[in-house]
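The structure appears below as structure tokens.
2 protein chains.
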Amino acid sequence: MTVEPAAARPGRGRRPAAEVRAAVLAAAGAMLLENGLRDITFEKVATRAGASKMTLYKWWPSPGALAFDAYFAATEQTLAFDDTGDLEADLTRQLHAFVGFLTSREHGPVVAELVGAAQSDPDLAAAFAERYTLPRRALAVTRLRTARDAGQLRPDVDLESVVDQLWGACYHRLLLPACPLDTDFADTLVRNLLAGIR
Amino acid sequence: MTVEPAAARPGRGRRPAAEVRAAVLAAAGAMLLENGLRDITFEKVATRAGASKMTLYKWWPSPGALAFDAYFAATEQTLAFDDTGDLEADLTRQLHAFVGFLTSREHGPVVAELVGAAQSDPDLAAAFAERYTLPRRALAVTRLRTARDAGQLRPDVDLESVVDQLWGACYHRLLLPACPLDTDFADTLVRNLLAGIR
Numbered sequence: 001m002t003v004e005p006a007a008a009r010p011g012r013g014r015r016p017a018a019e020v021r022a023a024v025l026a027a028a029g030a031m032l033l034e035n036g037l038r039d040i041t042f043e044k045v046a047t048r049a050g051a052s053k054m055t056l057y058k059w060w061p062s063p064g065a066l067a068f069d070a071y072f073a074a075t076e077q078t079l080a081f082d083d084t085g086d087l088e089a090d091l092t093r094q095l096h097a098f099v100g101f102l103t104s105r106e107h108g109p110v111v112a113e114l115v116g117a118a119q120s121d122p123d124l125a126a127a128f129a130e131r132y133t134l135p136r137r138a139l140a141v142t143r144l145r146t147a148r149d150a151g152q153l154r155p156d157v158d159l160e161s162v163v164d165q166l167w168g169a170c171y172h173r174l175l176l177p178a179c180p181l182d183t184d185f186a187d188t189l190v191r192n193l194l195a196g197i198r
Numbered sequence: 001m002t003v004e005p006a007a008a009r010p011g012r013g014r015r016p017a018a019e020v021r022a023a024v025l026a027a028a029g030a031m032l033l034e035n036g037l038r039d040i041t042f043e044k045v046a047t048r049a050g051a052s053k054m055t056l057y058k059w060w061p062s063p064g065a066l067a068f069d070a071y072f073a074a075t076e077q078t079l080a081f082d083d084t085g086d087l088e089a090d091l092t093r094q095l096h097a098f099v100g101f102l103t104s105r106e107h108g109p110v111v112a113e114l115v116g117a118a119q120s121d122p123d124l125a126a127a128f129a130e131r132y133t134l135p136r137r138a139l140a141v142t143r144l145r146t147a148r149d150a151g152q153l154r155p156d157v158d159l160e161s162v163v164d165q166l167w168g169a170c171y172h173r174l175l176l177p178a179c180p181l182d183t184d185f186a187d188t189l190v191r192n193l194l195a196g197i198r
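Quick mapping for you: the protein sequence lines, in order, are chains E and R.
Just so you know, full-length UniProt numbering puts 27 at position 27 of the first sequence, and the rest follows in order with no gaps.
Just so you know, full-length UniProt numbering puts 80 at position 80 of the second sequence, and the rest follows in order with no gaps.
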């Protein structure tokens, strides 16, 4: 995609802010998938999007926060969580999809890099928590609560901890790799937790 | 600690390599605890340690890998894992210590930054896996295997997955913070997994 700088568009005046924003996100999203997070600087993205570097500084607190926006604008994450009434089947299906996402060549490295960069970028960490981690946890907890209310889980189960022992366990294999992150692993996580290991 | 550059040590000749290495690790370790990972560049560490920048390039593949060495030289991680015969008590004690480590002001941020940087630094990732993740997993699996052999765990339990559902769940709350990472959480993880949540 070629985007002419605003200054090179004689007679057409300033682009509307929404258009500039879309061009910036498209440029950053493409750069992120091409070369990863280390390529994302305000300067490079501004040049590629034909936008002013100052605009980017005004709109995003850090290059990491811009990369996060770009990534999620590009990928249209689906947050759906099935409720067929069969908790084990629903958890397994969701975790298979999640493992597929984390291990895809397109998404896995970008998610790992964004989580990684968030460890030293508080603005990126805040964006990640608010717009990714917390809403996804909430959907999982809602599904688990339905199961608990239906008597399919012990009444005293701490639902948040279940999220850490299913999805968190998958992140662990992504971020501190040691063993395969695959659908067999997902099945084992669900089985361990539902039935207990004792 | 003040270390004179080699050039300022007339008549004393070159420092032995082991001494230079110790000075570099001490300098990098102090800088890491003072200002975090972003402060660690070969140039700054070389200056502080009175060493040649080229030496650092020769000895470490990346500043992240140097930071990792410095951190683990400084902290003397204890890898002990009790075996009192009571699996639940031993897991709980180990996880309490681990949560204390991850939430300490001294260690938590450095570990999070090192794991984070490893997502875009293959040399750091390799060092982390080889010298931290894998040996720690092996100790936990050994303890779990003893319990399984003693009939305290189901004979078909996948022991590696248990590591992800206990220690990995703690890393999840460190790296994608959303809920408290404390000893109550550790207790819940052990209870969920041993007894099952159904």
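Glycine residues also receive a C-beta, built at the ideal position from the N, C-alpha and C atoms.
Best match in the options for proximity to residue i [C-alpha to C-alpha]
i	options	result
ASP184/R	THR146/R, LEU176/R, ALA97/R, GLY151/R	ALA97/R
THR142/E	ILE40/E, THR188/E, ALA28/E, ASP90/E	ASP90/E
ARG145/E	PRO135/E, TYR71/E, THR103/E, GLU160/E	GLU160/E
MET31/E	THR47/E, VAL20/E, PRO180/E	THR47/E
ALA26/E	PHE72/E, MET54/E, PRO61/E, ARG38/E	PHE72/E
ASP158/R	ASP149/E, PRO155/E, CYS179/E	CYS179/E
VAL190/R	PRO109/E, ALA80/E, ASP164/E, ASN35/E	ASP164/E
ASN35/E	ALA127/E, PRO135/E, VAL110/E, GLY151/E	VAL110/E
ASP86/E	GLY151/E, ALA127/E, ALA118/E, THR188/E	GLY151/E
GLY108/R	ASP149/R, ASP182/R, LEU193/R	ASP182/R
SER62/E	ALA49/E, ASP83/E, PHE81/E, PRO122/E	PRO122/E
Residue i to residue j span [Cα, whole Å]
i	j	result
residue 206/R	VAL99/R	The structure shown does not extend to residue 206/R, since chain R is modelled only from 1 through 198, so no value can be given for it.
ALA125/R	ARG15/E	43 Å
VAL24/R	ALA195/E	51 Å
ARG137/E	ALA51/R	48 Å
TYR57/R	ALA140/R	35 Å
ARG198/E	LEU153/R	4 Å
ALA28/R	CYS170/R	27 Å
GLY13/E	GLU43/E	22 Å
GLY64/R	LEU174/E	19 Å
THR2/R	GLN94/R	The pLDDT assigned to THR2/R is 43, lower than 50, so where the model puts this residue is not dependable, and the model offers no usable value.
TRP167/R	VAL20/E	44 Å
ALA129/E	VAL115/E	10 Å
ALA22/E	ALA147/E	41 Å
ASP155/R	ARG131/R	According to the sequence shown, residue 155/R is Pro rather than Asp. Roughly 30 Å between the two C-alpha positions.
residue 218/E	LEU134/R	Nothing about residue 218/E can be read from this structure; chain E reaches only from 1 to 198.
residue 203/R	ALA67/R	As displayed, chain R neither begins before 1 nor continues past 198, which places residue 203/R out of reach and without an answer.
ARG105/R	ALA118/E	18 Å
HIS172/R	PHE81/E	21 Å
ALA127/R	LEU102/E	22 Å
THR84/R	ASP149/R	15 Å
ALA112/R	SER120/E	8 Å
TRP59/R	ALA74/E	40 Å
ALA49/E	ALA18/E	13 Å
THR92/R	LYS53/R	45 Å
ARG38/E	ILE40/R	17 Å
ASP69/R	VAL162/R	28 Å
VAL45/R	GLU88/E	52 Å
Boundaries (first-last residue) of the alpha helix (DSSP H) holding residue i
i	result
SER104/E	Element bounds for SER104/E: n/a, residue is neither H nor E.
PRO16/E	Careful: PRO16/E lies outside any alpha helix (DSSP H) and carries neither H nor E.
PRO177/R	Taken as a continuous stretch (DSSP letters only), PRO177/R belongs to no alpha helix (DSSP H), as it is neither H nor E.
ALA49/E	42-49
As assigned by DSSP and simplified to three states, the class of residue i
i	result
LEU153/R	coil
PHE185/R	helix
GLY168/E	helix
PHE81/E	coil
TRP60/E	coil
residue 206/E	With chain E covering only 1 through 198, there is no way to say anything about residue 206/E.
ASP69/E	helix
GLY29/E	helix
SER52/E	coil
GLY100/R	helix
ARG198/R	coil
ASP86/E	coil
ASP158/E	coil
PRO5/R	With a pLDDT of 49 at PRO5/R, under the threshold of 50, the predicted position of this residue should be treated as unreliable, though the coordinate-derived value follows. If DSSP states are grouped into helix, strand and coil, PRO5/R belongs with coil.
Interface flag, residue i vs chain B, CB-CB below 8 Å
i	result
GLU130/R	In the structure shown, chain B cannot be found, because the protein chains are E and R.
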